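Residue numbers (the working numbering), protein chains in the order written: chain A, 1211 to 1688; chain B, -2 to 287; chain C, 85 to 216.
Beta carbons are placed, not taken as given, at the ideal position from N, Cα and C, and that holds for glycine.
These numbers were taken from a predicted model, which means no experiment stands behind them.
A short write-up of the structure that comes next.
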Amino acid sequence: MKAPVHALVKDYWLAWRMALSSRSRADMVILGLAGLFALAAAFIVMVVKGDALFAVSVALRAALGGVLMGWLLYFVPGAVKLNAPFVARLVPRLRRRLIELTVMAWVVVIAFSTLMSMGTKLSPALVLLASGTWIAAYGLGQSGHRAGTWMQLGFAAVFFFSRSLPPVLVDGIQHGVGFVIAVLLMLAFAGYALQNMFMNGGERHYVARQAQALQLERSTVDGQFRERKQGRLDASLYAWVLRRDTEARHSGRLLVHLLGARTHWINRAVVLAGILALAAVALSVMRSKAQPGVQAMVEDLGWLFALPLLVGALFDTEKRNMRLKDTAGEQALLRLAPPLPAGPPAFNRKVAITLLRTALLEWAMLSGAVLCLGLMSGASARNLLMQACLCCLTLPVAAAALRDHAHRSGLAGWRLVLGFALSLVASLGMGFVLERAAGLPLPVGAGLVSLGIALVLVARGFRRAETAPYAFPAGRLA
Amino acid sequence: MSTAIIQSAAISKQFGSAPILNALDWQVMPGQVIGLLGRNGAGKSTLLECLLGLREVDAGTVRILGEDVAQLSDATRARIGYVPQKSDLFEWMTPRQMLGYFKALYPRWNDAKVEGLLGRWGFDKLMQNKPISKLSGGEQQRLSIIRALAHDPELLVLDEPVSALDPVGRRDFLRELIDGVIERGTTVVFSTHILSDLERVALDLAFLKDGKIALQGRLDELLESARRVVGPAALLDGKPLAGELRRQRAPDGTVSVLTCGGVGLGLPAGAAGVRVDALSLEDLFIEVTQ
Amino acid sequence: MTTHSAHLFSIATGSPEPIYRQLVDQVKRLVAAGQMAPGDGMPSVREVAQALALNPMTVSKAWSLLEMEGVLARRRGMGMEVAARTGAAQDTLQRAELLRPTLERAAMEARQLELDSDTVVSLFIQILKEQA
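Rendered as structure tokens:
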């Protein structure tokens, strides 16, 4: 009986490797992260408790958890991608193995989390139900099925508003008949999810493939910024802007269109306008209804909620850089178009000015929105000044639009974040020094330093543009 | 003697350590219709991009209409049309938007020609307002060609312009090329693998091999003068033939020699076992580029 | 006196024979066969180029060659027409020339089979007598 078991294990190993191969070096990443996780957990436990045995057991559990997380993030999408219609029909054994692996891993995860929760305050029954349902929903979502994402959202909502759920229900599903019913429901949902993740050919499978491909693309770093279908409003707005710019024959504005429809500043303007409108409504409602204590808190700290908008500046630059990298063909055609200046210095200068103008425009929109929100939440002048200085801190990121595009298509990914972090540290440090030396409040000092950094970057960028080769097509000399 | 419309001298280009173009010289005269042939990966696209100044060359100079490609004036650029290999450019725009965008970029734009081509090549109202990413590969290529022809260029550079078109599409493209482009004396440089199209429309050929133009000439003359001489090694070994280009030994001991322009091969007429074949364009391609 | 349409001609790509030569041979065969009579109008270069999707220069080259060999004559005004026959003897010579490609192929095969010319010629005469 050894032979069939051996073949089965080999099958599973092969299916596992095949599913993971769709993401490069997945196994390295999983093992690395799990190892790091385990080491960190052990370290913390050693520092806090000093109990070596406990640390080891925690490390083991953390490692196992890390590997299981890796399974969730890498295996599931890979397996779904692997199950193409022709595979399902022509190699049914592979599909069976993938399903079996998924089910086994699902069971293992549920068991693991339930066991882990036994010693803690959480109710094991709830943990069992929660983990089982959530993982099934995740799997469904990874295969592009709408219900999956909705279930995950609903899950988060239930979790956050768990206090307001009737205690009878919560109690009921943990014991006895209620528990059995809940488990059956969970199994039914899991079965549904499994069926949708690993379809068996047919027309529906082909239709589902498209949704799956979209989902897979969205989960990669590159795919985040690729052009996707626009909403109706966005599309018609973009069409209007395009028409206006082509009629005006303004070469600078036409150059900006190179970056694509989604990165055009008009979309940003619409989104911000929407956010401001919503915020205006919410704030006015809160103003009229809430207690004075809450009101004061909102005034003082409301600006904190505007911080995510500033992160949008980073996002903008990243998007722009990725688009520059992707639109080499379009850039080649623009290079051959008459209105753009001849000769690398003049051409690069025009590109630099245009990109900088767009970056500054988007930064100005973001900062304006932040300040508007501040105004609407009734912040004091001092608070508004602080917010303005915070906005200035993100100015260097906008200045990063100027680069030697021929050699690189811009600071991308972690390099951008690193640059931003450095600029932040420098600004805050210098601001500190200025506070000590001249009594200038920290935010103002930091803001001014950031402004200085941005100006230096811009000057350097323009100087580089004079001597660099043609900016377009970007990244060709890399 | 008229000056060349494209003049390239000793251009070299390397990707990493692999040389793609190796001290390549090439002239294209005004009004020529020249086909650029080469194996996949031989560097045809790279050569065309270097000729247009879209890529920097490591050595050598390229001039278009007398101007250095790194400093093409507005007027010169308005006379150049380019169809790149990638046909789904500006895919977020609709055909109408894309053509309007380019109309704003070019001083001269032949609206009548554009409308005519859109109508004849199957772009109805519905398709004209669909994003380019939603069109099929053939439709994208046709649109790309329309965009390049719309401003009546004097120099048309095409990089595999019909690779995704069915025979009817290709025939339509050839007809448009003959009617609207060649009749007006436009210079056409195109690279393609579809030899039947080249035979119909191109008058000159250039073969790119090992980073150099290995063979160049008028298509008619090449076909008439290229011959493959096949015979036993005993007769042919060590005997250079007039106009010999390449010699190859088959596993069974016969020798095959490619000659071009060598009339009177210096062999005893009708020597036993020696065969002289005339070559079709496909045979010539295979022989030259191997 | 008819004016022939461009669709009378056809060419084949992928053959070792250049296209202009195919056109030249075709016209010569049609004239010899009597399908194109002296004085008949030839389709213009542009028409033929359009119909067969050819470069007009190729067609023009073929037409010029035919004019030089006396098969076509330039019409007063525009276009070409089939030239009048200039004598029976030349006619025969011209028609005999049309047979050359086929005979050259036969000669090559004969060489490969290592047959001497006398055997080949007597075989040919025998075949002609059979088919007469």
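Give me, in chain order, the residues of the same chain whose beta-carbon lies closer than 7 angstroms to that of A/Leu1308; leave out the 5 immediate sequence neighbours on both sides.
Same-chain partners within the cutoff: Ala1225, Ala1229, Ala1289, Leu1292, Asn1293 and Phe1408.
Against chain B, does C/Met141 count as a neighbour if the rule is that its beta carbon must be under 7 angstroms from one of theirs?
Judged by the 7 angstroms Cβ criterion, C/Met141 is in contact with chain B.
Sequence ranges, alpha helix (DSSP H) only - wholly within the region 1326 to 1386 of chain A, length at least 4:
Fully enclosed alpha helix (DSSP H) runs of 4 or longer: 1334 to 1352, 1356 to 1370 and 1377 to 1382.
Give the DSSP-derived three-state secondary structure of B/Thr292 in the structure shown.
With chain B represented from -2 up to 287, any question about residue 292 of chain B goes unanswered, as that position is not in the structure.
Give the secondary structure of B/Trp23 by DSSP, where H, G and I count as helix, E and B as strand, and everything else as coil.
DSSP places B/Trp23 in strand when its eight states are reduced to three.
With a cut-off of 7 angstroms, does the C-beta of B/Ile61 fall near any C-beta of chain A?
Output row for B/Ile61: interface = no.
For A/His1467 and B/Tyr103, believed in contact at Cβ under 8 angstroms, the rounded distance:
Between A/His1467 and B/Tyr103 the Cβ distance is about 15 angstroms, and since that is not below 8 angstroms, they are no contact.
By how many angstroms is the C-alpha of B/Gly116 removed from the C-alpha of B/Leu132?
In a straight line, the C-alpha of B/Leu132 is about 16 angstroms away from that of B/Gly116.
Straight-line Cα distance separating B/Leu155 from B/Ala7:
The C-alpha of B/Ala7 lies about 22 angstroms from the C-alpha of B/Leu155.
Chain-order list of residues whose beta-carbon lies under 6 angstroms from that of A/Thr1359 (same chain, five-residue window excluded)
Excluding five sequence positions before and after A/Thr1359, the CB atoms of its chain that fall closer than 6 angstroms to its own CB belong to Gly1351, given in chain order.
Cα-Cα separation between B/Tyr79 and B/Leu153, rounded to whole angstroms
If you draw a straight line from the Cα of B/Tyr79 to the Cα of B/Leu153, it comes to about 6 angstroms.
Kindly identify the DSSP beta-bridge partner or partners of B/Ile31.
When beta bridges are read from the DSSP output, B/Ile31 appears opposite B/Val186 and B/Asp201.
Below 8 angstroms on the Cβ atoms is my contact criterion, and I expect B/Ser193 with C/Gly98 to pass it. Report the Cβ-Cβ distance as a whole number of Å.
Contact annotation, B/Ser193 with C/Gly98: C-beta distance approximately 6 angstroms; criterion of less than 8 angstroms satisfied.
Is A/His1615 buried or exposed, if buried means 16 or more other CB atoms sit within 10 Å of its CB?
Buried.
Buried or exposed, going by whether 16 or more other CB atoms sit within 10 Å of the CB of A/Met1575?
Around the Cβ of A/Met1575, a 10 Å sphere holds 16 or more other Cβ atoms; the residue is buried.
State yes or no: is the C-beta of A/Pro1656 within less than 7 angstroms of the C-beta of A/Leu1638?
It should be pointed out that residue 1656 of chain A corresponds to Ala in this sequence rather than to Pro. By the CB criterion at 7 angstroms, A/Ala1656 and A/Leu1638 fall inside the cutoff.
Which whole-angstrom value describes the C-beta separation of B/Leu200 and B/Leu219, a residue pair presumed to lie in contact below a C-beta threshold of 8 angstroms?
Actually they do not touch by this definition, with Cβ atoms about 11 angstroms apart.
Helix, strand or coil for B/Asp133? Go by DSSP, reduced to three states.
The sequence as given places Ser at residue 133 of chain B; Asp does not occur at that position. Coil, per DSSP.
Could you tell me the boundaries of the beta strand (DSSP E) in which C/Glu165 lies?
Per DSSP, C/Glu165 belongs to the beta strand (DSSP E) from Met164 to Val166.
So which residues of chain B does A/Leu1447 contact, with C-beta pairs closer than 9 angstroms?
Correct list: empty, because the minimum Cβ distance to chain B is about 13 angstroms.
Inter-residue Cα distance where the pair is B/Gly13 and B/Leu48:
Those two C-alpha atoms are separated by around 20 angstroms.
Element boundaries [beta strand (DSSP E), containing B/Tyr79]
From DSSP, the beta strand (DSSP E) with B/Tyr79 extends over Ile77 to Val80.
Residues of chain B with CB closer than 8 angstroms to the CB of C/Leu138, please, in chain order.
Those are Ile175, Arg197 and Val198, listed as they occur along chain B.
Contacts of B/Ser70 in chain A (Cβ-Cβ under 8 angstroms)
Neighbours of B/Ser70 on chain A, chain order: Ala1552.
Would you kindly check if the distance between the Cβ of A/Met1586 and the Cβ of A/Ala1490 is under 7 angstroms?
Yes. Within cutoff.
For A/Arg1613 and A/Gly1662, which I take to be in contact (beta-carbon distance under 8 angstroms), what is that distance rounded to the nearest angstrom?
In fact, because the Cβ distance is near 20 angstroms, the residues do not count as touching under 8 angstroms.
For the region 199 to 229 of chain B, which residues have a CB atom closer than 8 angstroms to at least one CB atom of chain C, in sequence order?
Those residues of the region 199 to 229 of chain B that come within reach of chain C (Cβ to Cβ, closer than 8 angstroms) are Ala199, Leu200, Leu216, Asp217, Leu220 and Glu221.
Does DSSP classify B/Gln94 as helix, strand or coil?
The DSSP-derived three-state label of B/Gln94 is helix.
Residues of the region 1451 to 1483 of chain A with Cβ closer than 9 angstroms to any Cβ of chain B, in chain order
Answer in chain order: Leu1452, Arg1453, Asp1455, Thr1456, Glu1457, Ala1458, Arg1459, His1460, Ser1461, Leu1464, His1467, Leu1468, Gly1470, Ala1471 and Arg1472.
Here's the rule I'm using: 16 or more other beta-carbon atoms within 10 Å means buried, otherwise exposed. How should B/Pro265 be labelled?
Only weak support exists for where B/Pro265 lies, its pLDDT of 49 falling under 50; the value from the coordinates is given anyway. Its Cβ having fewer than 16 others within 10 Å, B/Pro265 is exposed.
Supposed close pair B/Val254, B/Leu238 - CB separation, criterion 8 angstroms
Rounded to the nearest angstrom, the Cβ distance from B/Val254 to B/Leu238 is 6 angstroms, consistent with a contact under 8 angstroms.
Using the beta-carbon of each residue, which ones in chain C are nearer than 7 angstroms to B/Ala275?
The contacting residues are Pro100.
Can you tell me the Cα-Cα spacing of A/Phe1630 and A/Ala1471, whole angstroms?
If you draw a straight line from the Cα of A/Phe1630 to the Cα of A/Ala1471, it is about 26 angstroms long.
Which residue comes first and which comes last in the alpha helix (DSSP H) that contains B/Lys122?
It spans Lys122 to Gln125 - the alpha helix (DSSP H) in which B/Lys122 sits, taken as one unbroken run.
Could you tell me whether the region 64 to 73 of chain B touches the region 1523 to 1542 of chain A, using the rule of 3 or more Cβ pairs below 8 angstroms?
Output reads no: the region 1523 to 1542 of chain A does not touch the region 64 to 73 of chain B.
Identify every run of the beta strand (DSSP E) within the region 203 to 241 of chain B, keeping only runs that are complete inside it and at least 3 residues long; order them along the chain.
For the region 203 to 241 of chain B, whole beta strand (DSSP E) runs of length 3 or above, ordered along the chain, are 209 to 215 and 223 to 229.
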